[in-house]
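Protein chains: 2
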Amino acid sequence: MNQAVPPSVTQLIEAFSRLPGVGPKTASRLTYFLLRAPDHVATSLAQALIDLKTKTQYCSVCFNITEDDPCPICQDSKRDLSQIAVVEEPLDVVAVERVGFYKGRYHVLHGAISPVDGIGPDDLKIKELVKRLQTQTVLEVIIATNPNMQGEATAMFIKQQVAPLGVKVTRLARGLPSGGDLEYVDSITLLRALEGRDEM
Amino acid sequence: MNQAVPPSVTQLIEAFSRLPGVGPKTASRLTYFLLRAPDHVATSLAQALIDLKTKTQYCSVCFNITEDDPCPICQDSKRDLSQIAVVEEPLDVVAVERVGFYKGRYHVLHGAISPVDGIGPDDLKIKELVKRLQTQTVLEVIIATNPNMQGEATAMFIKQQVAPLGVKVTRLARGLPSGGDLEYVDSITLLRALEGRDEM
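Chains as they are written, first to last, in my numbering: chain R, 1356 to 1555; chain V, 1356 to 1555.
Rendered as structure tokens:
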């Protein structure tokens, strides 16, 4: 770069810029903030980054991110073994857990089928799900993929794979989001809400 | 936190949240991005953070951030020793260097006088500037503090300190920003532009 910026500063700016949503300006602001901040702010972030990569792994049962294998949810005997919620990403497990309603287990696919991005069923943990259903006594598979094209395609594919095993397959309800305004709801959501209307 | 989130994930989310402008949602998004990204993305960021704190120091002459002391600008014999631009922060040096016009040296104050924040002249590198002017042959001090209240107060204070030494003190021109629209210029800027009007 230039005389005014030492290489270690440039390198941190570049490393921050690789993160999603962080442009060169933000990266530079974060770097100069860390230069002024007490040492432990930068070093604890560095340590946390190293720990993230050295301490975590995928749970060999559900493929969620975990430090212990199997993960705490798979190890928890109080959680219902007969239900498996299938989600795309570890963050989706966090979202479902936050509701506090679901007491079953999970299965993390690590993505969704997306031919445009070259992601097919074999790139996801779908075979592992089928194997789980063959070896464990599962009564219901709740498909909780994202309500978009990739999520729908993934849900359909899983339904086809699981159907022969005689396991009940459900998926999250489609309809109006709570707190929304009918006027601003998009027409696909409104169509799903009409199709899935409940008797009062 | 909860069963779904391993401690090392929580810790990285917390470490990211300490950065300015990074809320818990962004911190969590960055963390889960790094979980999926190749290992080197997280480890190179960690290494850059450690390097930032271990390899950099303040230049003992101008107090800019540097890996070598004196910094490359202070070591560069092609740069004019007789001019010193006084700026608040290392990022301001980068901004002035980007213009490519200035060929003198710098002096970084590391802040501006701000009684509200409890920052007085003694918290800045002002004494060090005065000492520099006493020992080096400097003809002009260009005050390039920010065009706000703190920057103005700092500029006035430095002017008072430097005046007895017989060194010429200038400051960056105030006026209309290039590419702006007169209609949208704030009245203080317009006042300065009127006061400082140039003959054509």
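All C-beta atoms in this analysis are idealised placements derived from N, C-alpha and C, irrespective of residue type, glycine included.
*Report buried or exposed for Met1356(V), applying the criterion of at least 16 other Cβ atoms within 10 angstroms of its Cβ.*
Below a pLDDT of 50, predicted positions are generally treated as unreliable, and Met1356(V), at 46, falls in that range; no measurement from the model is reported.
*Leaving out five residues on either side along the sequence, give the residues of the same chain with a beta carbon under 8 Å from the beta carbon of Val1517(R).*
Leu1484, Val1485, Leu1488, Val1496 and Val1524
*Find the residues of chain R that neighbour Arg1373(V), judging by a C-beta separation of less than 9 Å, and give them in chain order.*
Ala1392, Val1396, Ser1399 and Leu1400
*Supposed close pair Gly1466(V), Ile1439(V) - CB separation, criterion 8 Å*: So it is not a contact: roughly 18 Å between Cβ atoms.
*Helix, strand or coil for Leu1399(R), going by three-state DSSP, please let me know.*
First, the residue type needs correcting, since residue 1399(R) is Ser and not Leu in the sequence shown. DSSP places Ser1399(R) in helix when its eight states are reduced to three.
*Which of helix, strand or coil does DSSP assign to Leu1527(V)?*
coil
*Starting from the Cα of Asp1406(R), find the closest Cα among Ala1359(V), Val1451(V), Ser1363(V) and Gly1473(V) and give me that residue.*
Ser1363(V)
*Between Ala1499(R) and Leu1527(R), which are expected to be in contact by the criterion C-beta below 8 Å, what is the C-beta distance as a whole number of angstroms?*
5 Å
_C-beta neighbour in chain V for Ala1510(R), strict 8 Å_ = no
_Assuming contact is defined by CB atoms lying nearer than 8 Å, are Ala1359(V) and Asn1419(R) in contact in what I supplied?_
yes
*From Leu1400(V) to Ala1370(R), what distance separates their C-alpha atoms?*
5 Å
*In chain R, what lies closer than 9 Å to Glu1452(V) by C-beta?*
Asn1357, Gln1358, Ala1359 and Val1360
*Is it true that the segment 1421 to 1441 of chain V meets the segment 1383 to 1400 of chain R, where meeting means three or more beta-carbon pairs spaced less than 8 Å apart?*
no
*Report back the beta-carbon spacing between Val1442(V) and Tyr1457(V) to the nearest angstrom; my notes put them in contact at under 8 Å.*
Not a contact, Cβ separation roughly 11 Å.
*Which residue's Cα is closest to the Cα of Arg1547(V): Asp1541(V), Thr1409(V), Arg1529(V) and Gly1535(V)?*
Arg1529(V)
*According to the neighbour-count rule (16 or more other Cβ atoms, all chains shown, within 10 Å of its Cβ), is Pro1375(R) buried or exposed?*
exposed
*asked:* Using a 10 Å radius around the Cβ and a threshold of 16 neighbouring Cβ atoms, would you call Gly1551(R) buried or exposed?
replied: exposed
*Delimiting residues of the beta strand (DSSP E) encompassing Gly1506(R)*: Per DSSP, Gly1506(R) belongs to no beta strand (DSSP E); it is in the alpha helix (DSSP H), Met1504 to Val1517.
_Counted within 10 angstroms of its Cβ, other Cβ atoms place Ala1450(V) as buried (16 or more) or exposed_ = exposed
_Straight-line gap, Tyr1539(R) to Leu1464(R) (C-alpha atoms, nearest Å)_ = 32 Å
*In whole angstroms, what separates the C-alpha of Ala1397(V) from that of Thr1411(R)?*
13 Å
*For the beta strand (DSSP E) containing Glu1495(V), list its first residue and its last residue.*
Glu1495 to Ile1498
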